[in-house]
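Residue numbers (the working numbering): 382 to 780.
Worksheet for the structure shown next.
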């Protein structure tokens, strides 16, 4: 049984073909610069094939994806009929969808009503789903797996904002949380690695990349997370400001003459590591600049470490303790400096990392704490695609 997993952005389309018999990746790739000139990277095993091809729309990207999977010397399918189902990452399911679900036309119309809750993500997700439906036979089940679903267990005291309650009733303004498939995967995986039931653990997961979030997971259930109504809240990120004094918004609109789009662009696309450093949103480049003496690059790194320290400490308090902290995502898995800064002040909860082990860890599963550390710290590479594939198999009732 083969399942195709799709993760679409406004100008990109990541895909992965998974053999569910052993949950192995048959092929994966990325179609990017959709609507511009178009590029594809297709990988089978260790072999990568890169070439330029026009992608005016997501539909052309899907058609090229089909060609990559079914034609040429590196074909892995005789035809697309071998694919049993397609699983799609969808960022925002609001409180309407607390589990993954089969995609229907009615569902897509409901999802469109959530576009203003995730304006950078949901429209692209829906566009890709519609394009995929044109390429695949109508009999192939397509499943939506929501970033927000894992966080549907967050209690009311954590998801309600202290603004007039009518705003929640009227506009569904509440904390939704994101990166749910990643937090779900790594929390279950670290319990497995530790040889303990997830139901008996208090876990803090740190998904760190260009977009970042931290989650408190108690007994296998998300009880709080840093992202909120949108993926803008919480940690400062690559280009996103994260949590700031709300009055800064109206202050800057007045002082800089910004309209709602202008202030949204400033907070979403010009802030974070990029805004602080004035250089880049790529943490690897920031580290290199900081090592070379660039003060604002170093400041951006210090702010990230400090914010992580605060969130880990506050979530430990909220859960009445913590057994393990997990780092994942591109930064979490590969930046020893970020992990070190985040953990440096946590000795008071009995957490100490082994700096020598930490320095040598890049995208592999490993405990980086000292033997005497009461709280464990693990690096666990995430696998959101596998979560999507598993949910797709279950929802589509495939055997």
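Beta carbons: idealized from backbone N, C-alpha and C, even for Gly.
Keep in mind it's a predicted model, so treat the numbers as computed, not measured.
Item, Value
"Under 8 Å, with one C-beta from each stretch per pair, do the segment 537 to 554 and the segment 562 to 579 reach the 3-pair mark?", "no"
"Grab me the residues of residue 536's own chain with a C-beta within less than 8 Å of its C-beta, minus the 5 sequence neighbours each way, in chain order.", "604"
"Residues in the same chain with beta-carbon distance under 6 Å from residue 601, minus the five sequence neighbours each way, listed in chain order, please.", "579, 580"
"For residue 779, which residues in the same chain have their Cβ closer than 7 Å to its Cβ, ignoring the five residues on either side in sequence?", "382, 465, 466"
"Assuming the contact rule is C-beta atoms closer than 8 Å, residue 559 and residue 528 should be a hit. Round their C-beta distance to whole Å, please.", "4 Å"
"Let me know the secondary structure DSSP gives residue 407 once reduced to three states.", "strand"
"Would you tell me roughly how many angstroms separate the C-alpha atoms of residue 516 and residue 440, rounded to the nearest one?", "7 Å"
"Cutting at 7 Å between CB atoms, please list the residues of its own chain near residue 583, excluding the five before and the five after it.", "599, 700, 702, 703, 704"
"Leaving out five residues on either side along the sequence, give the residues of the same chain with a beta carbon under 6 Å from the beta carbon of residue 618.", "592, 593, 653"
"Under the rule that 16 or more other beta-carbon atoms within 10 Å means buried, what is residue 565, buried or exposed?", "buried"
"Going by beta carbon distance, what residues of the same chain come within less than 8 Å of residue 680, once the five residues before and after it are set aside?", "657, 658"
"What would DSSP say about residue 708, mapped onto helix, strand or coil?", "strand"
"If you compare alpha carbons, which of 407, 641, 511 is closest to residue 443?", "511"
"Taking C-beta to C-beta, are residue 616 and residue 668 nearer than 7 Å?", "no"
"Using DSSP's beta-bridge definition, name the partner residues of residue 750.", "734"
"Here's the rule I'm using: 16 or more other beta-carbon atoms within 10 Å means buried, otherwise exposed. How should residue 545 be labelled?", "exposed"
"One question on the structure: do residue 660 and residue 678 come within less than 7 Å of each other, judged by their Cβ atoms?", "yes"
"Sort 398, 480, 392, 531 by Cα distance to residue 507 and report the nearest one.", "392"
"Note down the Cα distance separating residue 708 from residue 613, rounded to an integer number of angstroms.", "20 Å"
"Could you tell me the alpha carbon to alpha carbon distance between residue 456 and residue 620, rounded to whole angstroms?", "38 Å"
"The alpha helix (DSSP H) spanning residue 603 covers which residue range?", "Where residue 603 is concerned, there is no enclosing alpha helix (DSSP H), although the beta strand (DSSP E) it sits in stretches over 602 to 606."
"Cutting at 7 Å between CB atoms, please list the residues of its own chain near residue 386, excluding the five before and the five after it.", "396, 397, 399, 468, 766, 769, 770"
"Could you pull out every residue in the same chain whose Cβ sits closer than 6 Å to the Cβ of residue 726, ignoring the five residues on either side in sequence?", "690"
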